[in-house]
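This report concerns only the one structure given below.
Structure follows, in structure tokens:
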């Protein structure tokens, strides 16, 4: 699977598009979390300032004392419905906690001044106010800091306000709260953004998948066009495709043209050579007949018999070379295939070999399906294919043996099987027997080594597959040609 991913253009494009998209989504999620924190800090800092206003509004002056009266209902509101803890302090200029949580750390400036026993704080931002002690207005800009308190992070706002009606000219207010709601808001923001990005990524991945598939469809069209061709169809491919693959199509067309020229040259050479050999062979045969009639010497007659046998083998090879040239891919390109009943052809060819089977003392049997075995093909080529298979089985069967020709019809295939109980073909030679001029090392039968090569070529032109196996009970040879029903 990993090798398929590495070699697939589609998968590579998806990786190059999706990996950056996922990386950006991850970075965006992290950034959105920190942005959420910043947004939550801004919102809740304002609320914390409002909480400080509430504390300031509850400051009361009683003689020379300051008090803060916060009812439980107001404190619950300040705690965000008890999701956070709320703390406050009212600090005198000399650093003493007048009211509130005494454990809350003092502001850095007051803590430093208190440790140095310096003068009370006089904020430069304080502006005199003529308001009552029950409605003191915030007169200075607040400052914020985040510290650890009681093992938790808290957000602290520090503010200096004037108190003209008290013994102090001003006090320092600290309002603090834990960060639970802040973090919850930041999490909600980041999760919402993350889920939205996941949806965008899924939609984007689907769009990329469809887009890449559509973009690569012309390559699939070229593949289908090549696969749909017959073995000998070397016509140029249609170049009406995107510019990115036109160069590929043109290169394939040049290759097809070169192959077509080479095949034509080879066929022409084979055909010419065979025709040129026919004439001298006929002349030699004629001279043999004349000598046989003129000379009655027994030894001469034996020599003539051997010579005639050699001439017959040579003539047979020449004829098969011509058949091979006609059966090669491309030879039938101008002759379209037609619907043919394979059973009818096989029956006629089998009947023509009955005398030969009788001479070799063989049992000959033909079996065919009751339904028509329709295939698309060339009648002459199919007759040659069946004839060569039958001749091969007869040649390699011993007297008393059996040769069976079978036609079987399946759902999408039509099978032609020729089976014998002869010497058989070793497993390691079953692919080689279809090579031209190949003859098994153990055979002592006369032959040209072209019969099965012709069978293979004709089967290829018919888009058929060839299978070699052992015969019945593991004896002999069974050769099956599988024809597709749709050609």
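Numbering (the numbering used here), first residue to last: 429 to 915. Note that beta-carbon positions come from the ideal geometry of N, C-alpha and C, so glycine has one too.
(message) With three or more C-beta pairs closer than 8 angstroms as the rule, is the stretch 470–487 touching the stretch 641–654?
(response) Proximity of the stretch 641–654 to the stretch 470–487 falls short of the contact definition, fewer than three beta-carbon pairs being nearer than 8 angstroms.
(message) Is residue 593 close to the ligand SAM? I mean its beta-carbon at under 7 angstroms from any heavy atom of the ligand.
(response) As presented, the structure is devoid of all ligands, the ligand SAM included, so that no description of it is given.
(message) With the cut-off set at 8 angstroms, would you say residue 796 and residue 853 are in Cβ contact?
(response) The residue given as residue 796 occupies position 368 in the chain shown. The residue given as residue 853 occupies position 425 in the chain shown. For residue 796 and residue 853, no; Cβs fall outside 8 angstroms.
(request) Measure the alpha-carbon distance for residue 847 versus residue 721 and round it to whole angstroms. (result) Along the chain shown, read from residue 1 onward, the residue named residue 847 stands at position 419. Along the chain shown, read from residue 1 onward, the residue named residue 721 stands at position 293. Distance between the alpha carbons of residue 847 and residue 721 is about 43 angstroms.
(request) For my contact list, residue 820 and residue 879 are in at a C-beta cut-off of 8 angstroms; report their separation, rounded to the angstrom. (result) Residue numbering aside, residue 820 sits at position 392 when the chain shown is read from its first letter. Residue numbering aside, residue 879 sits at position 451 when the chain shown is read from its first letter. Right, their Cβ atoms sit about 5 angstroms apart.
(message) Going by the DSSP bridge assignment, what does residue 488 pair with across the sheet?
(response) As a working note, residue 488 is residue 60 in the chain shown. DSSP lists 495 as partners of residue 488.
(request) Answer yes or no: do residue 583 and residue 574 have a C-beta to C-beta separation smaller than 8 angstroms? (result) Along the chain shown, read from residue 1 onward, the residue named residue 583 stands at position 155. Along the chain shown, read from residue 1 onward, the residue named residue 574 stands at position 146. A contact, by the Cβ cut-off of 8 angstroms.
(request) Give me whichever residues DSSP pairs with residue 585 in a beta bridge. (result) Working through the chain shown from its first residue, we reach residue 585 at position 157. Looking at the DSSP assignment, residue 585 forms a beta bridge with 572, 603.
(request) Could you name the residues of the same chain whose beta carbon sits closer than 6 angstroms to that of residue 832, not counting the 5 residues immediately before and after it, in chain order? (result) Here the question's residue 832 lines up with position 404 in the chain shown. Closer than 6 angstroms at the Cβ level, and outside the excluded window around residue 832, lie 793, 847.
(message) Just to confirm, is the Cβ distance from residue 585 to residue 572 under 8 angstroms?
(response) Stepping through the chain shown from its first residue, residue 585 is reached at position 157. Stepping through the chain shown from its first residue, residue 572 is reached at position 144. Yes. Within cutoff.
(request) Figure out for me which residue from 830, 838, 826, 898 has the closest Cα to the Cα of residue 857. (result) Numbered from 1 along the chain shown, position 429 holds the residue referred to as residue 857. Ranking the options by Cα distance to residue 857, first place goes to 898.
(message) Less than 6 angstroms between C-beta atoms, sequence neighbours within five positions excluded: which residues of the same chain meet that for residue 912?
(response) The residue labelled residue 912 in the question sits at position 484 within the chain shown. The beta carbon of residue 912 is closer than 6 angstroms to those of 891 in its chain, skipping five residues each way along the sequence.
(request) Counting only runs of 4+ residues fully inside the stretch 775–829, write out the alpha helix (DSSP H) ranges in chain order. (result) Segments of the alpha helix (DSSP H) lying fully in the stretch 775–829: 782–787, 807–823.
(message) Please report the distance separating the alpha-carbon of residue 595 from that of residue 519.
(response) Working through the chain shown from its first residue, we reach residue 595 at position 167. Working through the chain shown from its first residue, we reach residue 519 at position 91. Taking the straight line from one Cα to the other gives about 13 angstroms.
(message) Which residue wins for smallest C-alpha separation from residue 605, given the options 765, 513, 887?
(response) Residue 605 sits at position 177 when you count from the first residue of the chain shown. For residue 605, the nearest C-alpha among the options comes from 513.
(request) Closer than 6 angstroms by C-beta to residue 437: which residues in its own chain qualify, once you throw out the five before and the five after it? Chain order, please. (result) Working through the chain shown from its first residue, we reach residue 437 at position 9. Scanning its chain for C-beta atoms nearer than 6 angstroms, with the 5 sequence neighbours on each side dropped, one finds no residue around residue 437.
(message) Output needed for residue 613: all residues of its chain with C-beta closer than 8 angstroms, excluding positions within five of it in sequence on either side, in chain order.
(response) As a working mapping, residue 613 is identified with position 185 in the chain shown. If we look at residue 613 and ignore the five residues flanking it on each side, its Cβ neighbours are 464, 467, 468, 471, 472.
(message) In the DSSP output, which residue or residues are listed as bridge partners for residue 897?
(response) Indexing the chain shown from 1 puts residue 897 at position 469. Note: residue 897 sits in a beta bridge opposite 906.
(message) By alpha-carbon positions, which one of 777, 896, 888, 837 ends up nearest to residue 859?
(response) Residue mapping note: residue 859 aligns to position 431 of the chain shown, counting from 1. The shortest C-alpha to C-alpha distance from residue 859 to any of 777, 896, 888, 837 is the one to 896.
(message) Considering Cα atoms alone, identify which of 798, 745, 449, 803 is closest to residue 769.
(response) What you label residue 769 is simply residue 341 of the chain shown in a count that begins at 1. Nearest in C-alpha terms to residue 769, of all of 798, 745, 449, 803, is 803.
(request) Count the other C-beta atoms from every protein chain shown that fall within 10 angstroms of the C-beta of residue 740, then say buried if there are 16 or more, exposed otherwise. (result) Numbered from 1 along the chain shown, position 312 holds the residue referred to as residue 740. With fewer than 16 other Cβ atoms within 10 Å, it is exposed.
(message) Just verifying my parser: in three-state terms, what is the DSSP assignment at residue 442?
(response) In the chain shown, residue 442 corresponds to position 14, counting from 1. Per DSSP, reduced to three states, the secondary structure at residue 442 is helical.
(message) Here's the rule: buried if 16 or more other CB atoms are within 10 angstroms of the residue's CB, otherwise exposed. What is residue 559?
(response) For the purposes of this step, residue 559 is taken as the residue at position 131 of the chain shown. Here the model assigns residue 559 a pLDDT of 34, short of 50, so the residue's position is not dependable and the matter cannot be decided.
(message) Quick test of your reading: residue 882 and residue 816, contact by CB under 8 angstroms. State the CB separation rounded to the nearest angstrom.
(response) Residue mapping note: residue 882 aligns to position 454 of the chain shown, counting from 1. Residue mapping note: residue 816 aligns to position 388 of the chain shown, counting from 1. Separation of the CB atoms of residue 882 and residue 816 is rounded to 5 angstroms, and the pair is thereby assigned contact status at 8 angstroms.
(request) Would you tell me roughly how many angstroms separate the C-alpha atoms of residue 904 and residue 778, rounded to the nearest one? (result) The residue labelled residue 904 in the question sits at position 476 within the chain shown. The residue labelled residue 778 in the question sits at position 350 within the chain shown. The C-alpha of residue 904 lies about 19 angstroms from the C-alpha of residue 778.
(request) Give the range of the beta strand (DSSP E) segment to which residue 620 is assigned. (result) The sequence position of residue 620 within the chain shown is 192, counting from 1. First-last for residue 620: 608–655, but that is the alpha helix (DSSP H), not the beta strand (DSSP E).
(message) Pull the bridge partners of residue 741 from the DSSP assignment, please.
(response) Position 313 of the chain shown, counting from 1, holds the residue named residue 741. Per DSSP, residue 741 has no beta-bridge partner at all.
(request) Would you please state the rounded distance, in angstroms, between the beta carbons of residue 909 and residue 844? I believe it to be under 8 angstroms. (result) Within the chain shown, the letter at position 481 stands for residue 909. Within the chain shown, the letter at position 416 stands for residue 844. With 8 angstroms as the limit, residue 909 and residue 844 qualify as a contact, their Cβ atoms being about 4 angstroms apart.
(message) Between 789, 661, 838, 747, which has its C-alpha nearest residue 765's C-alpha?
(response) As a position in the chain shown, residue 765 is number 337, starting the count at 1. Cα-wise, what sits closest to residue 765 is 661.
(message) For residue 536, tell me which candidate among 600, 569, 529, 449 has the shortest Cα-Cα distance.
(response) The residue labelled residue 536 in the question sits at position 108 within the chain shown. The option with the nearest alpha carbon to residue 536 is 600.
(message) Once the 5 residues before and after residue 790 are set aside, which same chain residues still bring their CB inside 8 angstroms of it?
(response) Here residue 790 corresponds to residue number 362 of the chain shown, with the count starting at 1. So the qualifying residues of the chain are 822, 825, 827, 828, 829, 830, 831.
(message) Three Cβ pairs or more, each shorter than 8 angstroms: is that satisfied between the stretch 725–736 and the stretch 701–717?
(response) Yes, since at least three Cβ pairs between the stretch 725–736 and the stretch 701–717 fall closer than 8 angstroms, the two stretches touch.
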